[in-house]
Amino acid sequence: METTLTLDEINIRYGLQNHIVIEEKTPGFPILTLQSPSATATVAAHGGHVLSYTPNGEEPVLWLSSLSHYREGKAIRGGIPVIFPWFGPHASDSGKPSHGFARTRFWTLHSTRLINGEFPQARFQLTDSELTRTLWPSRFSLELVVTLKESLKVELIIKNEDTEPFTCTCALHSYFTVSHISNIEIQGLEKASYIDQLTGGPHKVQEGPITFDAEKDTIYVDTAATCKIIDPGFKRTVFVEKSGSLSTVIWNPWIDKSARMSDFGDDEYTGMVCIEAANASHNAITISPSQTHILSTSIRAEAI
Ligand code: BG6
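Its first residue numbered 664, the sequence shown is counted upward by one per residue in this note's numbering.
Right, dumping it as structure tokens:
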């Protein structure tokens with residue numbers, strides 16, 4: 664998307680009547696609304712960041728903080744932040760931003776299209792720049808493809824544009840709305856090995872479904888499993904499928920950490936949980952020059 668275009672010109676070029684409309688949250692902060700026959704989604708060009716996905720007549724599937732920032736250089740709190748080229752704190756320089764820089768830059772809206780006359784798709788791009796190379800030396804291009812059918816599909820295509828291989832960690836850091844954190848369980852990671860980021864120490868093994876009664880920050884490794892959020896309060900199951908990902912991160916900040924975050928309401932932890940399709944820890948990926956890696960997630964809700 665050329666920044667010199669007016670909003671009307673952007674809509675003429677990229678809008679699709681009844682299926683994709685572009686508006687501005689604040690001047691210079693464009694947001695696309697995608698509409699399929701059965702669902703609505705919104706995506707910000709900042710971060711290539713999916714903000715919402717709501718099947719018709721349902722509670723929102725993705726969670727978004729009421730206190731989120733919406734400005735360049737700040738990550739949006741909620742939706743699906745794109746984490747690249749490192750997950751979590753930088754390995755050797757704590758001065759570098761948590762979770763890399765892809766979520767805090769404006770991406771370019773490359774194209775939009777309609778699949779089978781009813782399912783909208785938007786494609787965003789981010790490439791290395793002088794600024795990214797001060798944080799991470801490699802040349803890369805990222806594409807984020809968002810497709811709305813009955814389900815929401817998000818694909819992150821990571822291409823090595825450099826002359827040397829590079830190694831990165833990454834995630835589609837999805838935040839989900841739940842009726843109450845104490846009443847849900849997550850199925851799919853039974854018997855998976857995990858790193859407890861709160862306590863450190865040796866890997867542990869998940870016994871049974873995941874439930875919540877305190878802060879949780881865990882990286883499940885070597886797993887490609889689909890996760891299910893069983894939510895009796897909303898009478899639904901949310902399916903979180905993924906590919907190109909061997910780690911799954913589960914996060915809820917609970918009381919003290921919520922209170923420490925300026926962009927997170929003190930009580931909002933009760934209504935959310937993160938299930939992140941990731942490649943973290945020893946599941947880091949190495950990509951050769953001109954090669955790509957595709958990390959993707961598909962999300963849908965079913966009544967129970
Ligand atoms: C999760 C991490 O992925 O993201 C947590 O496992 C972290 O450790 C959380 O607290 C939020 O990170 P941030 O940088 O968005 O506050």
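In this text, a Cβ means the ideal position worked out from N, Cα and C, and glycines have one as well. Computed from a prediction, not measured in an experiment: that's the story for all the values here.
Closest by C-alpha distance to residue i, when choosing among the options
i	options	result
Leu819	Phe803, Thr840, Asp825 and Ala704	Phe803
Val936	Asp859, Leu807, Trp770 and Lys891	Lys891
Gly851	Leu958, Thr886, Phe839 and Trp770	Thr886
His712	Glu721, Val841, Thr767 and Ser699	Thr767
Phe782	Gly763, His773, Thr810 and Leu805	Thr810
Thr933	Glu965, Ile950, His945 and Ala877	Ala877
Lys898	Glu848, Asp926 and Glu931	Glu848
Ser801	Gln784, Trp914 and Lys822	Lys822
Ala738	Val724, Tyr716 and Ser761	Ser761
Thr840	Glu686, Thr667, Pro723 and Arg796	Pro723
Val745	Phe769, Ser925 and Ile673	Phe769
Arg676	Trp726, Gly736, Arg776 and Ile873	Arg776
Glu735	Ala765, Trp917, Gly720 and Gly741	Ala765
His836	Ser701, Arg740, Ala966 and Pro700	Arg740
Ile913	Asn719, Val901, Leu668 and Ile873	Ile873
Asn720	Ala702, Val706, Ser728 and Tyr733	Looking at the sequence provided, one finds Gly at residue 720 rather than Asn. Considering only alpha carbons, the answer is Ala702.
Gln954	Gly896, Thr830, Gly864 and Asn915	Thr830
Thr862	Cys833, Ser906, Val868 and Lys879	Lys879
Ala754	Tyr838, Glu793 and Thr832	Thr832
Ile743	Phe875, Thr949, Leu798 and Ile938	Ile938
Glu687	Leu670, Asn681 and His945	Leu670
Three-state class that DSSP yields for residue i in the structure shown
i	result
Asn915	strand
Gly780	coil
Thr696	strand
Gly934	helix
Lys920	helix
Glu793	helix
His945	helix
Ile739	coil
Leu798	helix
Tyr733	coil
Leu670	helix
Ile967	coil
Ala765	helix
Contact check, residue i vs residue j, beta carbons under 8 Å
i	j	result
Tyr857	His843	no
Ile694	Leu714	yes
Pro952	Thr826	yes
Ile962	Ser814	yes
Ile882	Ala947	no
Ile786	Val808	Note on residue identity: the sequence assigns Arg, not Ile, to residue 786. The answer is yes: Cβ separation under 8 Å.
Ala940	Ser908	yes
Leu697	Ala708	no
Glu853	Thr900	no
Ser731	Asp929	no
Phe750	Ala834	yes
Leu725	Tyr716	yes
Val884	Ser910	yes
Gln788	Leu805	yes
Pro828	Ile950	yes
Lys759	Leu794	no
Ser980	Ser906	Missing from the structure shown is residue 980; the chain here goes from 664 to 967 and no further.
Ile673	Ile685	yes
8 Å Cβ cutoff, residue i in contact with chain D
i	result
Glu848	Considering every chain present, this structure includes no chain D. It has just one protein chain.
Residue i CB to nearest heavy atom of ligand 1 below 7 Å
i	result
Glu853	no
Thr878	Per the sequence shown, residue 878 should be read as Glu rather than Thr. The answer is no for Glu878.
Ala964	no
Gln860	yes
Glu939	yes
Val724	no
Val912	yes
His1052	This structure cannot settle anything about residue 1052, because the visible part of the chain is limited to 664 through 967.
His773	no
Ala738	yes
Ser761	yes
Gly751	yes
Scan the segment 808-848 and note each continuous beta strand (DSSP E) run of 3 residues or more that stays entirely inside, going in chain order. 815-823, 829-831 and 833-840
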